[in-house]
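Colleague: Quick one: the structure is below, questions incoming.
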Amino acid sequence: MDDIKKLFMEKNTIKITIEDLGKIEVGKGTSIRKAAEKLDKNLSKKAVAAEIIDTRLGDMPEMLVDLNSEPASDIRAKLLYPGNDEKMLDILNHSTAHIMAAAIKKIYPEARFAIGPSIKKGFYYDFEIDGNLSPEDLPRIEKQMKKLIGGNHTFQRNMVSKKEAAEIFAGNPYKLELIDEIPEDEVSIYKSGDFIDLCRGPHIPSSTRIGAFKLLSIAGAYWRGKEDNKMLIRVYGTAFYSKEDLKAYLDMLELAKQSDHRKLGKELDLFSFHDEAPGFPFFHPKGMIIRNLILDYWRQEHMKEGYLEVSTPVILSNDLWKTSGHWDNYKENMYFVEIDESDYAVKPMNCPGNIIIYKNNQHSYRELPLKYAELGLVHRHEKSGVLHGLFRVRNFTQDDAHIFCTEEQLHDQIGRVIDLIDRMYRVFGFDDYFVELSTRPDKSIGSKKMWDKAEGILKDMIQQKNLNYHINEGDGAFYGPKIDFHIRDCLDRTWQCATIQLDFAMPEKFDIQYVGEDNERHRPVMIHRVVLGSIERFLGIILEHYAGNLPPWLAPEQAAVLPISDKYLDYASEVLGKLKDSGCRASIDDRVESLNKKIRQAEMQKIPYMIVVGEKEKESRTITVRKKSGGEMKLVEIPEFLKTFKEAVISRSIDY
Ligand SMILES: [Zn+2]
Ligand SMILES: [Zn+2]
């Protein structure tokens with residue numbers, strides 16, 4: 022039954038308490054908005070929705086309702102005002118989706134609408150018309166939307182029987198399918214102007230509360246995301262309560278476009294993709310420099326933590342994958358080859374290889390925890406449609422490690438991995454992250470007892486380390502639960518990178534052992550973990566996070582020496598020699614071009630330090646330094662520059 026309906030009970034007057042405004046007794050059928058108006062006209066005018074915080078429905082976390090809803094029993098509510106938090110933007114964006122649909126209906130009366138939800142900072146609506154839609158049609162829809170918004174249309178909620186709803190939406194197979202699936206007898210519909218939609222709400226009270234909106238793009242989308250279904254037209258848009266907020270968001274989208282790692286990869290000559298190997302990246306010399314710098318740092322941190330580096334084959338026999346469970350659970354993502362009439366698979370994961378190394382020797386409890394680390398090149402079959410630059414590729418290098426330990430060591434080891442992840446993320450400038458605990462999936466191996474235990478340990482450690490987390494039911498790996506780390510970049514997007522997976526199952530399948538203090542054989546536990554995830558993808562993430570302006574320690578070219586004219590080429594070469602002697606990756610721009618053009622070129626290549634040399638510098642044996650990160654041009658002695666440069670590199674500073 023509709024939750025809001027439950028509040029409607031027989032009574033003549035009710036008490037409505039509005040947080041911060043007070044309490045009022047009103048006649049039945051009075052809306053929250055009208056009650057609030059009596060308490061404070063100004064504030065109630067500003068509100069766009071309400072949240073019922075104390076209902077008789079038990080401990081519901083929260084319930085968002087329209088301002089126009091009419092409670093039938095005493096309630097306590099909170100007015101919600103325009104804001105840029107998720108909740109408030111959702112209400113606005115979803116309401117704007119209705120307005121867009123209404124506008125489309127005016128232009129294309131035959132339009133049949135499917136679903137139109139809000140998404141992060143935006144909305145979309147899927148629909149079909151007789152014909153197609155192109156980006157050139159969007160301004161016309163926007164114009165119509167503006168007209169509707171100005172018309173001060175309210176969003177009116179009505180409850181109707183499913184039969185009535187089916188009549189209202191007759192001829193629209195999508196809405197009819199949705200109505201059919203609703204378990205309740207009655208459904209809610211919303212009317213704004215002459216447009217009616219099937220919807221749960223809540224909505225803003227009137228279309229005039231839409232401060233600013235923009236339609237962004239058109240895409241194709243299968244009904245219910247299933248390829249066998251009809252392809253519908255999807256129009257994306259975004260709405261904000263104020264023009265300023267919309268502008269700030271559009272500016273951010275533009276910056277994201279400029280920072281797209283695929284664009285930067287071309288401009289900075291870092292990597293490329295080719296038809297000869299779709300989805301398999303080619304790394305160019307400059308891209309390799311960045312990659313190797315990441316790996317050098319990775320090795321340094323891992324050796325400090327007592328990891329032992331190993332390397333295992335890319336191709337391993339099918340039998341091994343049958344034992345590991347990958348054959349049954351992961352086959353559709355794997356590549357297969359035949360060698361000497363035997364069947365082999367290209368590894369999608371490094372675990373079985375690491376286990377073979379473990380099993381090659383006998384192990385005593387004194388060796389545990391034994392931590393094998395492998396920068397393993399794995400191959401996974403991805404559909405061509407989902408490939409996306411370095412973010413979604415068909416082969417990548419996992420910064421993998423497998424920790425073999427006793428159950429007693431689990432807490433400590435997981436704690437150490439969490440600390441390592443935290444430390445390494447900060448170096449790359451990611452100090453804002455959250456974690457997800459993923460529990461037992463449908464397709465899984467191992468007993469329920471094992472799973473409960475493993476999930477309990479991971480939860481313990483998340484709490485002990487005070488990590489910001491939520492639980493992702495049923496999303497664990499097939500051999501154990503996991504903690505995934507999501508980092509937030511400067512454009513407020515999140516990326517899943519690190520993962521820690523607990524595994525009681527694979528040690529059993531492969532029958533791995535260690536000799537305990539009691540001289541008996543025991544089963545170790547395995548922790549699978551990555552910190553950066555895929556090196557290729559991580560590289561793409563930091564390129565976007567820094568918009569290509571990598572800090573000095575990571576920049577493939579750290580300094581460009583820019584002689585003002587040919588006359589100073591000799592001195593420029595002398596300076597370059599000194600830079601190179603100090604380990605600086607530098608070059609001279611010896612083109613016959615103006616200094617401005619040389620500076621622009623260095624800017625485009627995102628080189629952290631520009632070093633200008635001319636008459637003044639040559640005379641005084643100095644250089645003028647211009648930082649890409651900003652600040653004044655500064656005349657300095659060469660040793661002084663080298664000192665600050667080395668400090669920035671050694672400390673892997675991001676503010677240089
Ligand atoms: Zn709606
Ligand atoms: Zn593994």
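Under the working numbering, the first residue of the sequence shown is numbered 22, with each subsequent residue one higher. Even for Gly, the Cβ is constructed at its ideal location relative to N, Cα and C.
Looking at residue 426 and residue 479, is the spacing between their C-beta atoms short of 8 angstroms?
Modeller: Contact flag unset, no.
Colleague: Going by C-alpha to C-alpha distance, which of 89, 90, 343, 68 sits closest to residue 103?
Modeller: For residue 103, the nearest C-alpha among the options comes from 68.
Colleague: Let me know if residue 402 comes out buried or exposed under the rule of 16 or more other beta-carbons within 10 Å of its beta-carbon.
Modeller: It is exposed - the Cβ of residue 402 has fewer than 16 other Cβ atoms within 10 Å.
Colleague: For the alpha helix (DSSP H) that contains residue 432, what are its first and last residues?
Modeller: Start and end: 431–448.
Colleague: Is residue 236 closer than 8 angstroms to residue 148 when the C-beta atoms are compared?
Modeller: Taking 8 angstroms as the Cβ cut-off, residue 148 and residue 236 do not qualify as a contacting pair.
Colleague: Which ranges would you report for the beta strand (DSSP E) in the region 62–111 if only whole runs of at least 3 residues count?
Modeller: Those beta strand (DSSP E) runs which fall completely within the region 62–111 and span 3+ residues are 70–75, 84–86, 96–101.
Colleague: For residue 253, write down the residues that DSSP places opposite it in a beta bridge.
Modeller: According to DSSP, residue 253 bridges with 242.
Colleague: Tell me the rounded alpha-carbon separation between residue 99 and residue 326.
Modeller: Computed Cα separation, rounded: 51 angstroms.
Colleague: Could you check what DSSP says for residue 584 in three-state terms: helix, strand or coil?
Modeller: If DSSP states are grouped into helix, strand and coil, residue 584 belongs with the strands.
Colleague: Would you give the residue range spanned by the alpha helix (DSSP H) that residue 182 belongs to?
Modeller: Where residue 182 is concerned, there is no enclosing alpha helix (DSSP H), although the beta strand (DSSP E) it sits in stretches over 177–182.
Colleague: Quick one: what's got a C-beta closer than 7 angstroms to residue 190's C-beta in the same chain, skipping five residues either side?
Modeller: Result list for residue 190: 196, 197, 200, 219, in chain order.
Colleague: Exposed or buried, what is residue 299 when buried is set at 16 or more other beta-carbons lying within 10 Å of its beta-carbon?
Modeller: It counts as exposed.
Colleague: Which ranges does the beta strand (DSSP E) cover as unbroken runs of at least 3 residues, wholly within the region 288–352, from first to last along the chain?
Modeller: Listed in chain order, they are 336–338.
Colleague: Hey, could you find the ends of the alpha helix (DSSP H) residue 54 is sitting in?
Modeller: Segment 53–60, the alpha helix (DSSP H) holding residue 54.
Colleague: What does the alpha-carbon distance come out to for the pair residue 521 and residue 438?
Modeller: Between residue 521 and residue 438, the C-alpha separation is close to 8 angstroms.
Colleague: What do you get for residue 160, buried or exposed, if any count of 16 or more other CB atoms within 10 angstroms of its CB means buried?
Modeller: By the 10 Å Cβ count, residue 160 comes out exposed.
Colleague: Could you pull the DSSP bridge partners for residue 457 from this structure?
Modeller: Bridge partners of residue 457: 491, 505.
Colleague: Starting from residue 272, follow the beta strand (DSSP E) in both directions and report where the run begins and ends.
Modeller: Taken as a continuous stretch (DSSP letters only), residue 272 belongs to no beta strand (DSSP E), being part of the alpha helix (DSSP H) at 264–279.
Colleague: Where are the alpha helix (DSSP H) runs, 4 residues long or more, that stay fully inside the region 597–660, in chain order?
Modeller: The qualifying runs are 616–625, 636–641.
Colleague: Closer than 7 angstroms: is that where the CB of residue 681 sits relative to any heavy atom of ligand 1?
Modeller: This structure leaves residue 681 out entirely; the chain is present only between 22 and 677.
Colleague: Would DSSP call residue 233 helix, strand or coil?
Modeller: Strand, per DSSP.
Colleague: May I have the straight-line CA-CA distance separating residue 311 from residue 152, to the nearest angstrom?
Modeller: Looking at the two C-alpha atoms, the distance is approximately 48 angstroms.
Colleague: Which of helix, strand or coil does DSSP assign to residue 593?
Modeller: Helix at residue 593.
Colleague: Using a strict less-than 6 angstroms threshold between each residue's beta carbon and the heavy atoms of ligand 1, what residues do you get?
Modeller: For ligand 1, the selected residues are 115, 119, 211, 218, 220, 222, 224.
Colleague: Excluding five sequence neighbours on each side, which residues of the same chain lie with their C-beta closer than 6 angstroms to the C-beta of residue 40?
Modeller: Contacts found: 99.
Colleague: Is it buried or exposed, residue 394, if we count other Cβ atoms within 10 angstroms and call 16 or more buried?
Modeller: Flag for residue 394 reads buried.
Colleague: Grab me the residues of residue 610's own chain with a C-beta within less than 8 angstroms of its C-beta, minus the 5 sequence neighbours each way, in chain order.
Modeller: Result list for residue 610: 581, 582, 583, 584, 619, 622, 623, in chain order.
Colleague: How long is the line joining the alpha carbons of residue 533 and residue 381, rounded to whole angstroms?
Modeller: Rounded to the nearest angstrom, the two C-alpha atoms are 10 angstroms apart.
Colleague: Just mark residue 475 as buried or exposed, buried being the case when its beta carbon has 16 or more other beta carbons within 10 Å.
Modeller: Buried, because 16 or more other Cβ atoms sit within 10 Å of the Cβ of residue 475.
Colleague: Tell me, which residues are paired with residue 498 by DSSP?
Modeller: Bridge partners of residue 498: 501.
Colleague: Considering only heavy atoms of ligand 2 and the C-beta of each residue, which residues fall inside 5 angstroms, strictly closer?
Modeller: Ordered along the chain, the selected set is 372, 549.
Colleague: Given that a residue counts as buried once 16 or more other Cβ atoms are within 10 Å of its Cβ, and exposed if not, what is residue 640?
Modeller: Its Cβ having fewer than 16 others within 10 Å, residue 640 is exposed.
Colleague: Please say whether residue 556 and residue 316 have beta carbons closer to each other than 8 angstroms?
Modeller: It is a contact, given that the beta carbons lie within the stated cut-off.
Colleague: If you run the structure through DSSP and keep just helix, strand and coil, what is residue 213?
Modeller: Three-state DSSP puts residue 213 in a strand.
Colleague: Since residue 133 sits in a beta bridge, which residues does DSSP pair it with?
Modeller: Bridge partners of residue 133: 149.
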